[in-house]
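Student: Below is one structure. I have some questions about it.
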Amino acid sequence: MVPYLDLTRQYQAIKDEVDAAIEGVLSRGWFILGEEVAAFEEEFARYIGAPYAVGVGTGTAALHVTLLALGVGPGDEVVTVPNTALATASAISLTGATPTFADIDPQSYNMDPHRLEAAITPRTRAIIPVHLFGQSADMDPILDIAHRHNIPVLEDACQAHGAEYKGVKVGNFGDAAAFSFYPTKNLGAYGDGGMVVTRRQDIAEQVRLLRNLGQRDRYHHAMPGTNSRLDELQAAILRVKLRHLDEGNAARREGAALYDQLLAGCNVVTPKEMAYGRHVYHLYVAQSHDRDALRSHLDAHGVGTLVHYPLPIHLQEAYRTLGLGPGSFPVAEEFARRILSIPLYPEIRSEEIAEVCRIITTFA
Ligand SMILES: *Cc1c(COP(=O)(O)O)cnc(C)c1O
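Quick note: to get this note's numbering, add 430 to the position in the sequence shown (first position is 1).
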């Protein structure tokens, strides 16, 4: 039996540090926007290499409030990709704007810069490239097009803590970036959490207000806002886990390299690390022309798998009103039929990877 993911292994490995951090918060008795959140914001900003980081409740909220800070609202359009977590599109919709899409590049699984320009209209107010599965989108040509049209860029870095593009960590390229600390992410809380990272002071200030009901000083509100705050317990836990992020990402890369090696010559397509960047393998996503049968085969042999994501955004019931039927984004649609996420996380054992590969081999 190889589980898709087992989060208890990491906890067991760092239990003493985590328990001490939790105990510290509980004994201080201060739970919202305190010293842990402030310290974690500073440490995460330093880790990414950006001047500002503002903790929020979720990755979805990080995207949402940043779009609001950029002035996105009803009647506007925001371009993203069709093969992302629904949260990316949902954050756009929550502002009143409409998501539009650029199809993806079949090598990187990320936004195809060649298709971006055609997706831009006079109503486009932001572009959200997603660093999907832990690999950076090709930022230079995307930023080029964005600058030419004077459109801000918001990086969806929810799956890419520590990933690099041309030697620089993602989160430094757009006007701002959104990170998620959902428990399964490369840097995961024991609950929900998110962060906006930016080098624009104006965005950082707006997000600070928006996350906390527009409150500037106690009970004095500069604007209406939402309630989406990272809490002290999660921040304390995330401070501990941030210290282990690089070693976790390195372990993911080793696991991915082992999969690449053992699956070479098999009847599956392994993910490609683009020459421009450093992949942190949030997920290891292989492709098979007989995906559903392969998935059943693995399941029958006790190997957990998932599909990220089986239905592109434009084909979801939630977005039926966009009127974008099958065939609108053929690369993303074909990709959705072929992809399979197989077990990869820092604590997976090499014998487990070998076992998964052996079972794939008996299928292919
Ligand atoms: C996880 C994720 C989000 C949303 O983050 P939450 O913290 O779950 O709200 C957004 N975009 C992508 C690409 C994600 O993977």
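Every residue, glycine too, gets a C-beta built ideally from N, C-alpha and C. These figures come from a predicted structure and were not determined experimentally.
Applying the 10 Å Cβ sphere with the 16-neighbour rule, what's the burial state of Asp586?
Tutor: As a working note, residue 586 is residue 156 in the sequence shown. By the 10 Å Cβ count, Asp586 comes out buried.
Student: Can the beta-carbon of Asp622 be found less than 8 angstroms from the beta-carbon of Gly487?
Tutor: The count along the sequence shown starts at 1 and reaches residue 622 at position 192. The count along the sequence shown starts at 1 and reaches residue 487 at position 57. Cβ atoms of Asp622 and Gly487: closer than 8 angstroms.
Student: Quick check: the stretch 487-499 against the stretch 510-530, are at least 3 beta-carbon pairs closer than 8 angstroms?
Tutor: yes
Student: Taking a cut-off of 6 angstroms, which residues have a beta-carbon closer than that to any heavy atom of ligand 1, in chain order?
Tutor: Checking every Cβ against the heavy atoms of ligand 1 under 6 angstroms gives Thr488, Gly489, Thr490, Thr514, Ala515, Ala517, Thr518, Val560, Asp586, Cys588, Gln589, Ser610, Tyr612, Asp622 and Gly624.
Student: Which first and last residues belong to the beta strand (DSSP E) in which Arg646 is found?
Tutor: Residue numbering aside, residue 646 sits at position 216 when the sequence shown is read from its first letter. Taken as a continuous stretch (DSSP letters only), the beta strand (DSSP E) holding Arg646 covers Gln645 to Asp647.
Student: Does the Cβ of Asp446 have 16 or more other Cβ atoms within 10 Å, making it buried, or fewer, making it exposed?
Tutor: Against the sequence shown, residue 446 aligns to sequence position 16. So Asp446 counts as exposed.
Student: Go ahead and label Asp533 buried or exposed: buried means 16 or more other beta carbons lie within 10 angstroms of its beta carbon, across all protein chains shown.
Tutor: Indexing the sequence shown from 1 puts residue 533 at position 103. Buried.
Student: Using the C-alpha atoms, what's the distance from Gly459 back to Pro512?
Tutor: For the purposes of this step, residue 512 is taken as residue 82 along the sequence shown, with counting starting at 1. For the purposes of this step, residue 459 is taken as residue 29 along the sequence shown, with counting starting at 1. Their Cα atoms are separated by approximately 43 angstroms.
Student: Run through the stretch 520-562 for me and flag every whole alpha helix (DSSP H) of 4 or more residues, listed as ranges in chain order.
Tutor: 543-549
Student: With H, G and I counted as helix, E and B as strand and the rest as coil, what does DSSP make of His421?
Tutor: Any answer about residue 421 is impossible in this case: the structure gives the chain only from 431 up to 794.
Student: If contact is defined by three or more beta carbon pairs under 8 angstroms, each pair taking one atom from either stretch, is the stretch 566-581 in contact with the stretch 625-639?
Tutor: Between the stretch 625-639 and the stretch 566-581 there are fewer than three C-beta pairs closer than 8 angstroms, too few to call the two in contact.
Student: Report, in whole angstroms, the separation of the C-beta atoms of Ala549 and Ser566, which I expect to be a contact under 8 angstroms.
Tutor: Numbered from 1 along the sequence shown, position 119 holds the residue referred to as residue 549. Numbered from 1 along the sequence shown, position 136 holds the residue referred to as residue 566. The pair is not a contact, with the Cβ atoms about 20 angstroms apart (cut-off 8 angstroms).
Student: Considering only DSSP beta bridges, list what Glu585 is partnered with.
Tutor: On the sequence shown, residue 585 is found 155 positions in, with the first residue counted as 1. DSSP lists Ala607 as partners of Glu585.
Student: Return helix, strand or coil for Asn657, following the three-state DSSP convention.
Tutor: One-based indexing of the sequence shown puts residue 657 at position 227. Three-state result, Asn657: strand.
Student: I need the DSSP call for Val710, collapsed to helix, strand or coil.
Tutor: Walking along the sequence shown from the start, residue 710 turns up at place 280. DSSP, read as helix, strand or coil, puts Val710 in coil.
Student: Skipping 5 residues on each side, what residues in its chain have a beta carbon closer than 8 angstroms to that of Val699?
Tutor: For the purposes of this step, residue 699 is identified with residue 269 of the sequence shown, where counting begins at 1. Ala716, Gln717, Ser718 and Arg768, listed in sequence order.
Student: Out of Asp690, Pro776 and Gln440, which one is the CA nearest neighbour of Arg788?
Tutor: Within the sequence shown, numbered from 1, the residue matching residue 788 stands at position 358. Checked all of Asp690, Pro776 and Gln440; the closest Cα to Arg788 is Asp690.
Student: Let me make sure I understand the geometry here. Which of Thr510, Glu473, Phe461 and Pro433 has the alpha-carbon closest to that of Ala762?
Tutor: On the sequence shown, residue 762 is found 332 positions in, with the first residue counted as 1. Checked all of Thr510, Glu473, Phe461 and Pro433; the closest Cα to Ala762 is Thr510.
Student: Could you tell me which of Glu781, Ser523, Leu516 and His561 sits nearest to Ser538, measuring between CA atoms?
Tutor: Stepping through the sequence shown from its first residue, residue 538 is reached at position 108. It is His561.
Student: I need the straight-line Cα distance from Arg669 to Asp676, nearest angstrom please.
Tutor: Numbered from its first residue, the sequence shown carries residue 669 at position 239. Numbered from its first residue, the sequence shown carries residue 676 at position 246. Arg669 and Asp676: Cα-Cα distance of roughly 13 angstroms.
Student: Strictly by DSSP, which residues pair up with Leu736?
Tutor: Locating residue 736 in the sequence shown gives position 306, where the first residue counts as 1. Answer is Ser771.
Student: May I ask which residues mark the beginning and end of the beta strand (DSSP E) holding Val786?
Tutor: For the purposes of this step, residue 786 is identified with residue 356 of the sequence shown, where counting begins at 1. Val786 -> not in any beta strand (DSSP E); alpha helix (DSSP H) instead, spanning Ser780 to Phe793.
Student: Report buried or exposed for Thr438, applying the criterion of at least 16 other Cβ atoms within 10 angstroms of its Cβ.
Tutor: Residue mapping note: residue 438 aligns to position 8 of the sequence shown, counting from 1. The residue is exposed, with fewer than 16 neighbouring Cβ atoms inside 10 Å.
Student: Let me check one thing: in DSSP terms, what residues is Met625 bridge-paired to?
Tutor: The residue labelled residue 625 in the question sits at position 195 within the sequence shown. Bridge partners of Met625: Gly485 and Phe609.
Student: On the criterion of 16 or more Cβ atoms from any shown chain inside 10 Å, does Tyr649 qualify as buried, or is it exposed?
Tutor: For the purposes of this step, residue 649 is identified with residue 219 of the sequence shown, where counting begins at 1. Tyr649 is exposed by the Cβ-count criterion.
Student: For Ala666 and Pro760, what's the separation of their Cα atoms in angstroms?
Tutor: Counting from one through the sequence shown, the residue named residue 666 turns up at place 236. Counting from one through the sequence shown, the residue named residue 760 turns up at place 330. For Ala666 and Pro760, the distance between alpha carbons rounds to 44 angstroms.
Student: Note down, in chain order, each residue of its chain lying with its Cβ closer than 8 angstroms to the Cβ of Leu643, except the 5 sequence neighbours on either side.
Tutor: Walking along the sequence shown from the start, residue 643 turns up at place 213. Once the five neighbours on either side are set aside, the close Cβ partners of Leu643 are His651, Pro654, Gly655, Thr656 and Asn657.
Student: Assign Gln717 to one of three DSSP states: helix, strand, or coil.
Tutor: To locate residue 717, count along the sequence shown from 1; it is residue 287. Reduced to three states, the DSSP call for Gln717 is strand.
Student: Would you tell me roughly how many angstroms separate the C-alpha atoms of Phe474 and Pro776, rounded to the nearest one?
Tutor: Counting from one through the sequence shown, the residue named residue 474 turns up at place 44. Counting from one through the sequence shown, the residue named residue 776 turns up at place 346. Going by the C-alpha atoms only, they are around 20 angstroms apart.
Student: Could you pull the DSSP bridge partners for Thr510 from this structure?
Tutor: Here residue 510 corresponds to residue number 80 of the sequence shown, with the count starting at 1. Answer is Phe531, bridged to Thr510.
Student: Could you name the residues of the same chain whose beta carbon sits closer than 6 angstroms to that of Ala443, not counting the 5 residues immediately before and after it, in chain order?
Tutor: Translated into positions along the sequence shown, residue 443 becomes position 13. Contacts found: none.
Student: Let me make sure I understand the geometry here. Which of Pro740, Glu782, Tyr595 and His738 has the alpha-carbon closest to that of Ile478?
Tutor: Counted from its first residue, the sequence shown places residue 478 at position 48. The option with the nearest alpha carbon to Ile478 is Tyr595.
Student: Buried or exposed, going by whether 16 or more other CB atoms sit within 10 Å of the CB of Ser457?
Tutor: Translated into positions along the sequence shown, residue 457 becomes position 27. That one is exposed.
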